[in-house]
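Take 28 as the starting number for the sequence shown in this note's numbering and just add one per residue.
Every residue, glycine too, gets a C-beta built ideally from N, C-alpha and C.
Note that the coordinates shown come from a computational prediction; the quantities given were computed from them, not determined experimentally.
Right, one structure below, let's go through it.
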Amino acid sequence: TIEVEFHDGRVREAEVVGLDSATDIAVLKVGNVSGLFPLRRATNEPVHMGDQVFAFGSPFGIKFSMSRGIVSGLGRGDAAHMMGMRRGYTNFIQTDAAMNPGNSGGPLVDIYGRVIGMNAAIANNAQPDQETAGFSGQSAGIGFAIPLETVESVVDQIIESKLVLRGYLGVLIGDTSAEYAESIGLNRRGVVVTGVPDDQPAY
28 TIEVEFHDGR VREAEVVGLD SATDIAVLKV GNVSGLFPLR RATNEPVHMG
78 DQVFAFGSPF GIKFSMSRGI VSGLGRGDAA HMMGMRRGYT NFIQTDAAMN
128 PGNSGGPLVD IYGRVIGMNA AIANNAQPDQ ETAGFSGQSA GIGFAIPLET
178 VESVVDQIIE SKLVLRGYLG VLIGDTSAEY AESIGLNRRG VVVTGVPDDQ
228 PAY
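As structure tokens, this is what we get:
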């Protein structure tokens with residue numbers, strides 16, 4: 028049984044509509060509840076480095092907590108690999124707002140209270156605790172959030188079909204040096220395709 032607790036203390040059971048393991052996003056349906064108002068979303072306004080942001084969540088089980096920081100980086104596509112997380116996270120928003128275990132899934136909002144992303148991961152020194160089945164450690168000042176556009180795309184697909192589809196090429200790539208790029212007449216930025224596995228779409 029999954030229970031959802033609201034800010035006023037009400038607790039309701041929730042039904043899992045669907046989930047996406049790659050982004051760790053789930054859609055829950057709660058019945059018999061009224062007086063709810065969604066957070067505003069930041070529409071058509073780009074996020075910039077240096078923007079002030081606020082991260083909400085329940086770090087270490089401390090309910091309804093908020094921390095403040097700035098946007099430290101954008102387009103952090105390598106964050107999933109760096110964090111040892113599932114593939115599928117793309118273009119993280121990096122922030123120095125304090126995040127700890129329990130912040131994941133909470134909103135990241137701008138200075139006007141508009142949602143710009145969903146807290147997803149932290150870079151820390153946490154290690155699994157076998158006795159508590161939890162984590163020890165604390166935030167190292169680097170947190171990541173999934174951009175709102177990605178969250179909404181995943182949620183819409185879950186609601187519509189309970190399945191999130193992603194396209195991919197299925198090629199192996201490698202970085203190239205300026206010398207090699209010049210030798211093959213490549214005058215644009217890019218990568219070199221080093222292989223195409225025979226079980227991938229590009230084969």
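Check, Outcome
"For a quick check, are the C-beta atoms of L63 and A41 less than 7 angstroms apart?", "no"
"Looking only at DSSP bridge pairs, what is K56 linked to?", "E42"
"My output table needs one value for T50: the three-state DSSP class, helix, strand or coil.", "coil"
"Please report the Cβ distance between G170 and A124, rounded to the nearest whole angstrom; I am assuming they are in contact, meaning their Cβ atoms lie under 8 angstroms.", "6 angstroms"
"Leaving out the 5 sequence neighbours to the left and right, which residues in its chain are closer than 7 angstroms to G102 when beta-carbon positions are compared?", "N118"
"Rounded to the nearest angstrom, what separates G84 and A172 at their Cα positions?", "12 angstroms"
"Could you check the C-alpha separation between V182 and R95 for me, to the nearest Å?", "26 angstroms"
"So for F91, helix, strand or coil by DSSP?", "coil"
"For the alpha helix (DSSP H) that L199 lies in, which residues bound it at each end?", "No alpha helix (DSSP H) contains L199, which is instead part of the beta strand (DSSP E) from 199-201."
"Quick check on L135: does DSSP put it in helix, strand or coil?", "strand"
"Taking just the CA atoms, how far does Y230 sit from A208?", "24 angstroms"
"According to DSSP, is T221 helix, strand or coil?", "strand"
"Taking the beta carbon of A205 as the centre, do at least 16 other beta carbons fall within 10 Å, making it buried, or is it exposed?", "exposed"
"Alpha carbon to alpha carbon, what distance is there between E32 and V219?", "50 angstroms"
"Between which two residues does the alpha helix (DSSP H) holding T122 run?", "Taken as a continuous stretch (DSSP letters only), T122 belongs to no alpha helix (DSSP H), being part of the beta strand (DSSP E) at 119-122."
"Assuming V98 and H75 make a contact with CB atoms under 8 angstroms, what is their CB distance in whole Å?", "7 angstroms"
"Does DSSP classify S85 as helix, strand or coil?", "coil"
"Looking only at its own chain, which residues have a Cβ that is under 6 angstroms from the Cβ of I29, when we skip the five neighbours before and after it?", "A41"
"Do you know whose CA, among G222, G36, G129, E72, lies nearest V142's CA?", "E72"
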